[in-house]
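If you count by this note's numbering, then the sequence shown holds residues 855 to 1187, one letter each, in order.
Before any comments, here is the structure.
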Amino acid sequence: MTLTDLGARRDHLDRLTGPYGLFEHALFDEPRRDEGYTLDDNARAVVVLIRTMHEPSLADLEPYLGFLMSASSGAGWHNRLTERGGWADDSGPDDTIGRAYWGLGELAGAGLHDDLAVGLLSGVTSFETPHLRSLAYAMLGASAALRAGVLESSMESFLFSALRRIPPPMSPRWAWPESRLTYANGRIPQAMIAAGSLIDDRSLLEGLDLLQWLIEIERGESGFSFTPVGGRGPGDPRPAFDQQPIEAWAMADACATALAADGDELWRDSARMAAGWFLGENDSGHALYDPHTGGGYDGLHADGVNKNQGAESTLAALGTLGGWALIEARACG
């Protein structure tokens, strides 16, 4: 199977969907209902469907959007919901909050927002976090809203502040703002490019440079050789496992954002390579996507894949492959 004849399907996403939203985990292709739901996954589902569906509607986004809109609490944002529909926490971690703003921003960017969504999104202006990925997710939401002219002054102010919070590269040889690569690495340059293309040319160029460096660091002999769950630092042996689908999605999205801002063929080629990672163009030569159901496998090992098909991995596959299909469609006309 090639990327040309690949069609992303939603069968497995539908299988993972319960009455309150998207179940977090799966045992092979069956949802682990007793482990409940998370805002993390339901916010990501909103992003994926808005970006990959032709003219998405509010009906298309339910029940994922319903989860997102109901998760705000006086203490922040709930993350975990039990199988029976009760909140299992008072507030989730900063990544959860950043992803909530990402989903709300994409909703605004698609013109599907209402007063409640706008009110929730406005909270991003007071979002303080020391975590770069949490900040990056929020920046992506704010950029999508600003591009659509929603809360322009507030979103612009937040993005200027957020860009100043991203540290400079550690050194000329390790041109990353942290001492190690960890997870969802592509989201940091993507956020810089998305925000920079709207409000700050210098940040745009710095984001493009950072993404180019990341592509070179993550490139392997058979395609992308992504940072494993243990992270990657200068001089670490390669390849290393287990590699996660969210790395491919973050890289693909970053390259698509760069392509829209800059047009260099490097970004198109790299987005194509990130999509190919799901089809076996990787360090193990194993596919991480089931084209018959649209399920995404939970990790790449040296000798195969984790056969569980959880929400995060499935959304990563659909987001990456659906995003590549959009790039191809635009190139064709």
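Note that CB positions come from ideal geometry on N, CA and C, so glycine has one too.
In this text, all values refer to a predicted model and were calculated from it rather than measured experimentally.
Proline 1082 bridges to which residues according to DSSP?
Beta-bridge analysis with DSSP links proline 1082 to Gln1097.
List in chain order: all unbroken alpha helix (DSSP H) runs of 4+ residues lying wholly within the stretch 980 to 1006.
Runs of the alpha helix (DSSP H) inside the stretch 980 to 1006: 986 to 1001.
Please tell me whether tryptophan 1131 has its Cβ less than 8 Å away from any Cβ of chain B.
This model lacks chain B altogether; it includes just one protein chain.
What is the rounded straight-line gap between the Cα of valine 972 and the Cα of leucine 961?
Going by C-alpha positions, valine 972 is about 9 Å away from leucine 961.
Beta-carbon contacts of methionine 1105 that lie in its chain and below 6 Å, excluding the five residues immediately before and after
The residues are Gly1040 and Ala1128.
Stretch-stretch touch, CB-based, cutoff 8 Å, three pairs: the stretch 1093 to 1110 with the stretch 1145 to 1162:
Contact holds: three or more Cβ-Cβ distances are below 8 Å.
Could you tell me the boundaries of the beta strand (DSSP E) in which valine 1159 lies?
Looking at the DSSP string, the run of the beta strand (DSSP E) that includes valine 1159 is 1158 to 1160.
From threonine 858 to aspartate 944, what distance separates their C-alpha atoms?
Annotation note: pLDDT 49 at threonine 858 (below 50); position unreliable, coordinate value reported separately. Annotation: threonine 858 to aspartate 944 spans about 45 Å, alpha carbon to alpha carbon.
Could you tell me how far apart the beta carbons of proline 910 and proline 873 are, in whole angstroms, since I believe they sit closer than 8 Å?
Contact between proline 910 and proline 873 is ruled out by a C-beta separation of about 21 Å, above the 8 Å threshold.
For glycine 963, the first and last residue of its enclosing alpha helix (DSSP H)
Glycine 963 -> alpha helix (DSSP H) spans 948 to 963.
Bridge partners - proline 885, DSSP secondary structure assignment
Residue pairing for proline 885: DSSP places it in a beta bridge opposite Ala880.
In whole angstroms, what is the alpha-carbon distance linking arginine 1073 and phenylalanine 1080?
C-alpha of arginine 1073 to C-alpha of phenylalanine 1080: approximately 8 Å in a straight line.
Can you check which of these residues, Leu893, Gly1130 and Gly928, is closest to tryptophan 1103 by C-alpha distance?
Comparing Cα-Cα distances from tryptophan 1103 to each of Leu893, Gly1130 and Gly928, the minimum goes to Gly1130.
Pull up the DSSP beta-bridge partners for leucine 1154, would you.
In DSSP, leucine 1154 forms a bridge with Gln1097 and Val1159.
Taking the straight line between their C-alpha atoms, what separation do you get for aspartate 1144 and glycine 1085?
Using only the alpha carbons, I get a separation of about 27 Å.
Leaving aside the five residues before and after glycine 939 along the sequence, list all residues of the same chain whose C-beta is less than 6 Å from its C-beta, in chain order.
Excluding residues within five positions, the ones whose Cβ falls inside 6 Å are Tyr874.
Could you say which of Ser1167, Ser997, Phe1078 and Ala1016 lies nearest to alanine 1125 if we only look at CA atoms?
With respect to the C-alpha of alanine 1125, the residue from Ser1167, Ser997, Phe1078 and Ala1016 having the closest C-alpha is Phe1078.
Look at the alpha carbon of methionine 855 and the alpha carbon of leucine 958, and state the distance between them as a whole number of angstroms.
Here the model assigns methionine 855 a pLDDT of 44, short of 50, so the residue's position is not dependable, and the following value carries that caveat. Put simply, the backbone Cα of methionine 855 is about 35 Å away from that of leucine 958.
DSSP beta-bridge partners for aspartate 1144?
According to DSSP, which records beta bridges pairwise, aspartate 1144 is partnered with Gly1149.
Around the Cβ of aspartate 1137, are there at least 16 other Cβ atoms within 10 angstroms (buried) or fewer (exposed)?
Aspartate 1137 comes out buried.
Distance, glycine 1139 Cα to methionine 993 Cα
Roughly 35 Å separates the two Cα atoms.
On the DSSP bridge list, what partners appear for leucine 1035?
Partner(s): Arg1086.
Look at the alpha carbon of leucine 1169 and the alpha carbon of arginine 898, and state the distance between them as a whole number of angstroms.
Roughly 7 Å separates the two Cα atoms.
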